[in-house]
RNA sequence: CGAGAUGUAGCGCAGUUUGGUAGCGCGCUUCGUUCGGGACGAAGAGGCCGCAGGUUCGAAUCCUGUCAUCUCGACCA
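Numbering (the numbering used here), first residue to last: 439 to 917.
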């Protein structure tokens, strides 16, 4: 490629300026467009198609685990939001309010849902009477609004799309089991569909969801070494049930409070995909969620037979993959760059020379490896290559995370490790005291990400105060 | 929300210091030639200079306000 004759402005190199690289990608891969309202973006067809694939796969997993979809209103009366004290304190600073209906001022202002626990609780209180009504395993795919001060496409927007699961159970054990089950669903989805390794763990008390007894999360490490929370699952105990009076009569004719959970993932996952797999040529999409899995590019397409052959291949391969044929009259080189920018996992080149030999050339997006494939073997080869791209992406992301995970036993080692090797996860022991958690952040710049389920004993004492350690914690700089 | 930067054609920018008819490259349209890593030629189209006020005979340019985007902090999926 003639570096100094680029006709179109290239994207910023990720090593040079990761933040700019990110915004270049979301714009140039046509995922989003900004609007005139801060923090509210248009998700364009190509970006939305990624979300639709995420939705389709996850929704299938939710159905398999017995969940039903519902739809709650987008407005929450102030009095309802205020029923659970911790919850309202957590969310009040970032809710948007509706105060007028037409030209009439409302008696009670309505908040635009930042999350729907309160609506589900009100509803559950109405419909649950007996242990026979339990559990209720509900989910909804909606958008929510949080009036963020700093916004970034996909990572932090004022309105974002998500799913929120809300379930109620007869016992604490069942609810805890649900919380763990859904965290595992998310983990499996991230690894199997997004090729993104995650760390499972529990949030520290200072970091848990407003109103929750325990918040679990999956944490991913981005290419630049910053952490991103990819999903959460909360156990509420009976706190909300008491605030909203959600009771049922058990087998012994005694009144009981339900035990509740909620869990969610958002369009932030698209940001995670970009920052986990992307490179200097653009987006790199995991095959499971790529809107186009194979792009067919005819070479010398004006020559007789080429376009016909390409169209035949598209027809044939559409049975086994999401396929696009680009027969526009842009040059082949232009198309190569375009579909690399858009992260299409496989490119299939078909030209006169190939047709003569009953073959085509397939190029992987992740490593640009070229394979010459007989046209008779495409039904076997394409799924193999898509799987290989997935594995390649997962292994690369895992290797990046491992190379950027540092065990530290003293406070001084933390900034030193980050300075020497670049940002990443710090593994260090913690006594459980919030004061130490704050101090680590203040002194070293890394916050607690989670207390991982897979514990290691790196030392006997807290990295900060030297008192006996309770947990090994993952720390990091977060998006 | 605090500090800083930016806003001129779809994209990237020049023009602002020193006020005087809005420019360049890419892209776009049409025709022709091309086609295995961002092709070439010719002819075209496209702008309330982010928005609102003000100063001035005259504002992209000076002043005030406001909105959006980016960066760094504080807060968060």
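The beta carbon of each residue, even a glycine, is placed where N, CA and C say it ideally should be. Keep in mind the model is a prediction, meaning the values are calculated, not measured.
In the structure shown, residue 801 adopts extended strand secondary structure according to DSSP, grouped into three states. Beta-bridge partners assigned by DSSP to residue 719: none are found. Here the region 718-737 makes no contact with the region 599-617; the two share fewer than three CB pairs at distances below 8 Å. With respect to the C-alpha of residue 618, the residue from 548, 556, 698 and 594 having the closest C-alpha is 698. Of 757, 485, 511 and 853, the smallest CA-CA separation from residue 560 is found for 511. Excluding residues up to 5 positions away in sequence, 471 lie with their Cβ nearer than 8 Å to the Cβ of residue 465 in the same chain. Note: residue 507 is bridge-paired with 577 in the DSSP secondary-structure output. DSSP, reduced to helix, strand and coil, places residue 748 within a helical segment of the structure shown. If you look at residue 758, you'll find it isn't in any beta strand (DSSP E); DSSP assigns it neither H nor E. A direct Cα-Cα distance of roughly 29 Å separates residue 520 from residue 656. For residue 476, same chain residues with a beta-carbon under 8 Å away, outside a window of 5 residues either side, are 589 and 596 in chain order. By the CB criterion at 7 Å, residue 896 and residue 854 fall outside the cutoff. For the 7 Å CB-CB criterion, residue 900 and residue 869 form a contact. Put simply, the region 522-538 does not touch the region 475-493. Fewer than three CB pairs are less than 8 Å apart. Ranked by Cα distance from residue 615, the first of 665, 675, 645 and 571 is 675. Burial state of residue 892 is exposed, judged by a 10 Å Cβ sphere holding fewer than 16 other Cβ atoms.
For residue 689, the three-state secondary structure derived from DSSP is coil.
In the same chain as residue 681, and ignoring 5 residues on each side of it, the C-beta atoms closer than 7 Å to its own belong to 521 and 522, in chain order. By the Cβ neighbour-count rule, residue 462 is buried, with 16 or more other Cβ atoms within 10 Å of its own. Distance from the CA of residue 709 to the CA of residue 731, rounded to the nearest whole angstrom, comes to 19 Å. Rounded to whole angstroms, the Cβ separation of residue 467 and residue 780 is 5 Å, and the two are in contact under 8 Å. Residue 737 is positioned such that its CB atom lies closer than 7 Å to that of residue 770. When the five nearest sequence neighbours on each side are left out, the beta carbons in the same chain lying within less than 6 Å of the beta carbon of residue 802 are those of 827, in order along the chain.
Each residue's CA atom was taken as its position, placing residue 799 and residue 860 some 38 Å apart.
Straight-line spacing of the CA atoms in residue 480 and residue 688 works out to 48 Å. Going by DSSP, residue 598 is part of no alpha helix (DSSP H) but of the beta strand (DSSP E) stretching over 597-607. In the structure shown, residue 539 adopts extended strand secondary structure according to DSSP, grouped into three states. At the C-beta level, residue 500 and residue 659 stay beyond 7 Å of one another.
Residue 820 sits in a helix when the DSSP states are folded into three classes.
Every unbroken stretch of the alpha helix (DSSP H) spanning 4 or more residues and falling wholly within the region 445-498 is given here in chain order: 456-466.
Secondary structure note for residue 793: its alpha helix (DSSP H) is the uninterrupted segment 790-794.
In this structure, residue 890 lies away from residue 917, with their beta-carbon atoms at least 7 Å apart. In the three-state scheme derived from DSSP, where H, G and I count as helix and E and B as strand, residue 654 is classed as strand. Judged by DSSP secondary structure, residue 769 falls outside any beta strand (DSSP E); it is assigned neither H nor E. In the structure shown, residue 808 falls within a strand segment according to DSSP collapsed to helix, strand and coil.
At least 7 Å separates the beta-carbon of residue 575 from that of residue 608.
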